[in-house]
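K.L.:
For reference, the structure I am asking about is given below.
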Amino acid sequence: MATVKFRIYRYDPDKDEKPYMEDVTVEREASDRKLLDILVKAKYQDDSIAFRRSCREGVCGSDAMNINGKNGLACLTDIDSLKQPIMLRPLPGLPVIRDLIVDMTQFFKQYHSIKPYLINNDHPPERERLQSPEEREELNGLYECIMCACCSTSCPSFWWNPDKFVGPAGLLAAYRFIADTRDQATSERLDDLEDPYRLFRCHSIMNCVDACPKGLNPTKAIGKIKDLMVRRLV
Amino acid sequence: MNQLAHPTIRKFDAIIVGAGGAGLRAAIQLSESGLKTAVISKVFPTRSHTVAAQGGVAASLGNSEEDSWQWHMYDTVKGSDWLGDQDAIEFMCRKANEVVVELEHYGMPFDRLENGKIYQRPFGGHMSNFGEKPVRRACAAADRTGHAMLHAMYQRNVRANTQFFVEWMALDLIRDIDGQVLGVTAMEMETGEVVIFQAKATLFATGGAGRIYYSSTNAFINTGDGLGMAARAGIPLEDMEFWQFHPTGVAGAGVLITEGVRGEGGILRNSTGERFMERYAPNAKDLASRDVVSRAMATEIKEGRGCGPDKDYLLLDLTHLDPKTIMQRLPGIREISLQFAGTDPIKESIPVVPTCHYMMGGIPTNYHGQVVVTKDGRHDAVVPGFYAAGECACASVHGANRLGTNSLLDLLVFGKSAGESMVSDIKAMPAAHKELPQDGSDLARSRLARLENQQSGANVHEVQLAMRRVMQDHCGVFRFPDMLAQGVTKILEVEKQVMVTEIRDKSQVFNTARLEALELDNLIEVAKATMVSAEARRESRGAQAREDFPDRDDANWLKHTLWHREGNRLDFKPVQMKPLSVDSIELKKRVY
Ligand SMILES: Cc1cc2nc3c(=O)[nH]c(=O)nc-3n(C[C@H](O)[C@H](O)[C@H](O)COP(=O)(O)OP(=O)(O)OC[C@H]3O[C@@H](n4cnc5c(N)ncnc54)[C@H](O)[C@@H]3O)c2cc1C
Ligand code: SF4
Ligand code: SF4
Ligand code: FES
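Chains A and B supply the protein sequences, listed in that same order.
Residue numbering for the first sequence follows my numbering, starting at 1 and increasing by one per position.
Residue numbering for the second sequence follows my numbering, starting at 235 and increasing by one per position.
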């Protein structure tokens, strides 16, 4: 049996004056493949290690954290791909509630700010609205977002202006509705983003693309929104 | 722990516990009706386990070929091995088109056919013309149907301004001496604060409890909290012996590979490369009902035709499919296979085993989503103020075996109908809330106090593991009389340990150790109900396959079990064989 060594960020405001890094060693069994498998074992040893997790298959977006300096999902990260000791920290740029659990209020606020729902004021037809396979394909790479915040919390512009810059996840969602042929609010959506901060704080640094565990590309979506804005000027 | 002594009271017209598919669907109904509604969830809504559903949602839209709700109803009754209530099944199948179209209107990104309509694929047990041949009935968004659906419904709730209490855990129901449900006690994870949510109508939409088994497709959070809370409040649990083992969980990891893979043409093979389902279900083959396929697989393994060094899994073969189909229709499956099996399904088969997946039983309800119990000889007495929908509820549309894609449909139809019942029931109630009983929050507070003060107790993780092992070994795909009897004894031993669990973490801030201990209190109720019901039912029907009673026994067992926590005892109620408007679907031998 091999061992896995961690250094985990620990902070419990109930008892700790300030955060510290703790060394933790866990025995690894053959069936332990992912970082989450081993983190769950660390918790068996010390039940006070706090982190979020649910689906353990990369679809719920709960267990985003900073792993050896890079944001990712513990449940999709192979233990073998990691240099030890594995440095685990909470997602950067958001307030820490406890250990690896961050307060995501600001992140969700930005998501909510883009009106993340289909807007179509026509009377709904009896049956489904029609959409061609090609039109539907425009939503691929957009709708799959799991709102894990790996992207936004790796984006320098979001760190500096989390209250004003929508951030990559929110902008990806904004484009998801702009790109949907069933949505009728494109021009309102563009008006809303036409702002020095909300959209234009993105400087195409692409950290977000690197960080996304689902292989999505917020930078590309942001680029498309910017294109549409230019196009409606001419 | 002063805050425990006098919990704050928050008043709402309605509360919904659970923000998965069922909870969110009901919330749309309530919020759009203008009632003051709170939705309480252990996790941010889009992290609920509905997000993991892959294959599709059933509706006889008939977009690719002729279909009808009557055929769907027939398949569902047959799939349930005649244990499903035919009134509820008719209700669900007739409503399917309406609720799926509504979803599309909410913005759900369904895949499309060339003519612009919703794409549909075949799924196990769904047939045309009363069981003749597979039909395309599963409406899909690639293999991410649950994700697309949950997000679309969350988004609709954002539009409707639904009030969410995220990362709050409901602890116990509040019932007064008349048996009326008046709300729940709940704890905010971030602060540890305990609050009473008082309401005129309370809906449980807390999802499944697959975590009672060692190997499961279910998320960590699927701990049967709604069932635990209901059982502690004196509500019986229905048909708990019926657990669906999904044929294709990734061997070792438990992560699900949707049946949609077989719908798209995937084939199961044993160690000789044989397509063994041809022997067990000559007609439907790989697309027979799940219990049938899982038993066939367990038999293949038992008879030494499993694959791998330990001959303990089978292979799901997609290599003959066009890689384009895999990339376009099953992209998530390819990802899962690469991540958790280390194989690329375009080139190699995926190792799979039957894995615990879905709870057919649950809190007994009628098709309006109202919780019902037996009272004065009647089996349909409504518990005032209490509703349940989704996987935690038993309407019962799935009976002894659920068809794939019928669960996402169940949560839409009954989420909506529960919401509608709540709206109309609340409107018929007095404007003022009924008075809370003095001891309303005692149960929750005493559980918390016990945990706080427990010394030299049992380790939560070890007890949980013991429970999952007992369930896996004693109550799996095939069930043996001596194993079940021992299982009952063993699970009651585990329960004693659950009563003395101890946590070291005593922090008030996001104490996940405490949450896991509280969840275990719920899991054990589900485990007991399951084991006791399985031991008692002396027949094989749907997912219950007894070695000693291999046949269905309609003369003695065409009835629902009801497990009562008090006294750990069972009673029964008849199956509703009469649909709402059509002729009853007569009992028949179930062959695929
Ligand atoms: C991997 C997988 C794939 C599936 N694929 C399909 C499919 O293709 N088609 C199909 O029809 N079915 C499928 N199913 C089944 C179906 O997805 C589930 O039955 C269904 O999604 C359950 O929905 P729900 O709303 O009842 O519960 P969930 O989505 O599980 O939601 C439960 C909610 O309750 C909350 N909750 C629980 N306890 C508490 C508490 N104590 N306090 C506060 N909140 C609480 C949770 O936070 C969550 O919000 C699949 C299931 C799995 C596991
Ligand atoms: S590309 Fe834009 S959104 Fe992405 S990290 Fe860079 S600045 Fe942030
Ligand atoms: S875009 Fe990717 S990284 Fe960002 S929230 Fe969505 S899934 Fe996570
Ligand atoms: S636990 Fe759900 S994404 Fe990792």
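Even glycine gets a Cβ: it sits at the ideal position worked out from N, Cα and C.
Note that the structure is a prediction, hence the values are computed from the model and not measured.
Run the CB neighbour count on Ile205/A, radius 10 Å, all protein chains shown included, and call it buried at 16 or more, exposed below.
P.N.:
Exposed.
K.L.:
Within the chosen definition, does the region 21-28 of chain A reach the region 171-185 of chain A through at least 3 CB pairs nearer than 8 angstroms?
P.N.:
No: the two stretches stay apart, fewer than three of their Cβ pairs being nearer than 8 angstroms.
K.L.:
For Thr271/B, does the three-state DSSP call read helix, strand or coil?
P.N.:
Reduced to three states, the DSSP call for Thr271/B is strand.
K.L.:
Confirm the yes/no value for this check: CB of Ser54/A, any heavy atom of ligand 4, distance under 6 angstroms.
P.N.:
Flag set: Cβ of Ser54/A near ligand 4.
K.L.:
So, helix, strand or coil for Gln131/A, using DSSP?
P.N.:
Correct three-state label for Gln131/A: coil.
K.L.:
Taking the CB atoms as reference points, tell me whether Gly458/B and Thr436/B lie closer together than 7 angstroms.
P.N.:
The answer is no: Cβ separation not under 7 angstroms.
K.L.:
Among the candidates Glu781/B, Arg824/B, Ile758/B and Val766/B, whose CA atom is the shortest distance from the CA of Asp788/B?
P.N.:
Of the listed residues, the one whose Cα sits closest to Asp788/B is Arg824/B.
K.L.:
On the DSSP bridge list, what partners appear for Asn66/A?
P.N.:
Note: Asn66/A sits in a beta bridge opposite Asn71/A and Arg89/A.
K.L.:
Measure the C-alpha to C-alpha separation of Arg232/A and Thr396/B and round it to an integer number of angstroms.
P.N.:
Cα-Cα distance, rounded: 35 angstroms.
K.L.:
Going by C-alpha distance, which of Ala433/B, Arg371/B, Ala575/B and Cys626/B is nearest Ser298/B?
P.N.:
Taking only the C-alpha atoms, the option nearest Ser298/B is Arg371/B.
K.L.:
With a threshold of 7 angstroms between beta carbons, is Leu130/A in contact with chain B?
P.N.:
Yes, because at least one Cβ of chain B sits closer than 7 angstroms to the Cβ of Leu130/A.
K.L.:
If distances are taken between C-alpha atoms only, which option among Glu366/B, Ala485/B, Leu792/B and Ala629/B comes closest to Pro543/B?
P.N.:
Residue Ala485/B is the option with its Cα nearest to Pro543/B.
K.L.:
Ordered along the chain, which non-local residues of its own chain (more than five positions away) have a Cβ less than 7 angstroms from that of Met235/B?
P.N.:
In this prediction, Met235/B has a pLDDT of 43, which is less than 50 and means its spatial position is unreliable; what the coordinates show is noted afterwards. Closer than 7 angstroms at the Cβ level, and outside the excluded window around Met235/B, lie Glu686.
K.L.:
Beta strand (DSSP E) containing Pro808/B: first to last residue?
P.N.:
Unbroken beta strand (DSSP E) run through Pro808/B: Arg803 to Pro808.
K.L.:
Determine, for Met235/B, whether the minimum Cβ-Cβ distance to residues of chain A falls below 7 angstroms.
P.N.:
Residue confidence is low: Met235/B scores 43 on pLDDT, short of 50, so the model does not pin down where it sits. Its coordinate-derived value is still stated next. Chain A contact via Cβ: absent.
K.L.:
I need the DSSP call for Tyr9/A, collapsed to helix, strand or coil.
P.N.:
In this structure, Tyr9/A counts as strand in the three-state DSSP scheme.
K.L.:
Measure the Cβ-Cβ separation of Ala763/B and Asp406/B and say whether it is below 7 angstroms.
P.N.:
Not in contact: Ala763/B and Asp406/B (Cβ atoms no closer than 7 angstroms).
K.L.:
Would you identify the three-state DSSP class for Pro356/B, choosing helix, strand or coil?
P.N.:
DSSP places Pro356/B in strand when its eight states are reduced to three.
K.L.:
Is any heavy atom of ligand 4 found at a distance shorter than 6 angstroms from the C-beta of Asp63/A?
P.N.:
Yes, the Cβ of Asp63/A comes within 6 angstroms of a heavy atom of ligand 4.
K.L.:
What does the alpha-carbon distance come out to for the pair Val728/B and Ile758/B?
P.N.:
Whole-angstrom Cα-Cα distance: 8 angstroms.
K.L.:
Going straight from the alpha carbon of Ile819/B to that of Asn693/B, what length do you get?
P.N.:
Ile819/B and Asn693/B: Cα-Cα distance of roughly 50 angstroms.
K.L.:
Buried or exposed: where does Gln237/B fall if 16 or more other Cβ atoms within 10 Å of its Cβ makes it buried?
P.N.:
Residue confidence for Gln237/B is low, a pLDDT of 45 falling below 50, so the modelled location carries little weight; the figure read from the coordinates is stated next. It is exposed - the Cβ of Gln237/B has fewer than 16 other Cβ atoms within 10 Å.
K.L.:
Is it the case that the Cβ atoms of Ala683/B and Gly649/B are separated by a distance below 7 angstroms?
P.N.:
No, these two residues do not count as a Cβ contact at 7 angstroms.
K.L.:
If I follow the unbroken beta strand (DSSP E) through Cys590/B, where does it start and stop?
P.N.:
Here the beta strand (DSSP E) through Cys590/B covers Ile584 to Met593.
K.L.:
Excluding the five sequence neighbours on either side, which residues of its own chain have a C-beta within less than 6 angstroms of the C-beta of Leu555/B, listed in chain order?
P.N.:
The residues are Gly499.
K.L.:
Of all the CB atoms in chain A, is at least one closer than 7 angstroms to the CB of Arg281/B?
P.N.:
Judged by the 7 angstroms Cβ criterion, Arg281/B is in contact with chain A.
K.L.:
Once you ignore the five residues that flank Tyr388/B on each side, which residues in its own chain have a CB closer than 7 angstroms to its CB?
P.N.:
Taken in chain order, the residues that qualify are Leu258, Pro279 and Thr280.
K.L.:
Considering only residues of the same chain and omitting the five flanking positions on each side of Lys448/B, which have a CB-CB separation below 6 angstroms?
P.N.:
Here the sequence assigns Tyr to residue 448/B, which means Lys is not the residue at that position. Result list for Tyr448/B: Arg702, Arg703 and Gln706, in chain order.
K.L.:
Lys822/B by DSSP, collapsed to three states: which one?
P.N.:
Coil, per DSSP.
K.L.:
Would you identify the three-state DSSP class for Asn236/B, choosing helix, strand or coil?
P.N.:
Residue placement at Asn236/B cannot be trusted, given a pLDDT of 43 that sits under 50; what the coordinates show is reported in the next sentence. It is helical.
K.L.:
Starting from the C-beta of Gln432/B, find all residues in its chain whose C-beta is less than 8 angstroms away, skip the five residues before and the five after it, and write them out in chain order.
P.N.:
Here the set comprises Ile243, Arg244, Lys245, Phe246, Ile408, Leu416, Gly417, His667 and Leu670.
K.L.:
Determine, using beta carbons only, whether Lys220/A comes closer than 7 angstroms to chain B.
P.N.:
Chain B, which has no Cβ nearer than 7 angstroms to the Cβ of Lys220/A, makes this no.
K.L.:
When you measure from the CB of Gly215/A to every non-hydrogen atom of ligand 4, does any distance come out below 6 angstroms?
P.N.:
Answer for Gly215/A: no, Cβ out of range of ligand 4.
K.L.:
Starting from Val631/B, follow the beta strand (DSSP E) in both directions and report where the run begins and ends.
P.N.:
Neither: Val631/B is in no beta strand (DSSP E) and is coded neither H nor E.
K.L.:
Quick check on Ile67/A - is its C-beta less than 7 angstroms from some C-beta in chain B?
P.N.:
Not closer than 7 angstroms to any Cβ of chain B, the Cβ of Ile67/A fails to qualify, so no.
K.L.:
Can you tell me the Cβ-Cβ gap for Thr553/B and Ser583/B, rounded? I've got them flagged as a contact below 8 angstroms.
P.N.:
Their Cβ separation, rounded to whole angstroms, is 7 angstroms, which keeps Thr553/B and Ser583/B in contact under 8 angstroms.
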